[in-house]
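Just below is one structure, and these are the notes that go with it.
Residue numbers (the working numbering): 4 to 130.
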């Protein structure tokens, strides 16, 4: 198998990063979670059609709804981050730009998840 690698690649240590399978599995797990949670989320939002602010916050404050909403948000941001990471790895070949974009995507995903979970927690725990 090593006979297909050039000596330059051997010196630079370029080759399989050994994380492709992990990303593949995590992407599929978050996608599976998002299917179930997405169905719940659509039904939850449809049940809130025509509801006022007080009714909507009361619905989110119910423990199961809050837990499922946090699960949906975390899975969504995680799935998006993994997907964008794979896209950037495949299509951005400038290593400095790739690093900057990878860090930016991860930062935005983590920040979005934290802010979203904080918002749900504030609603669920009563401001």
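Quick reminder that beta carbons are idealized off the backbone N, C-alpha and C, glycines included.
Can you tell me whether DSSP reads residue 91 as helix, strand or coil?
DSSP places residue 91 within a helical segment (H, G or I) once states are collapsed to three.
Alpha carbon to alpha carbon, how far is residue 91 from residue 30?
15 Å
Spatial neighbours of residue 71 in its chain, beta-carbon cut-off 6 Å, leaving aside the 5 residues before and after
Here residue 71 has 43 as same chain residues with Cβ atoms under 6 Å from its own Cβ, once five neighbours each way along the sequence are excluded.
At least three beta-carbon pairs within less than 8 Å, the region 107-117 to the region 50-59
no
Selected residue, minimal CA-CA separation from residue 62, among 106, 47 and 98:
Looking only at 106, 47 and 98, the smallest Cα-Cα distance to residue 62 is reached by 47.
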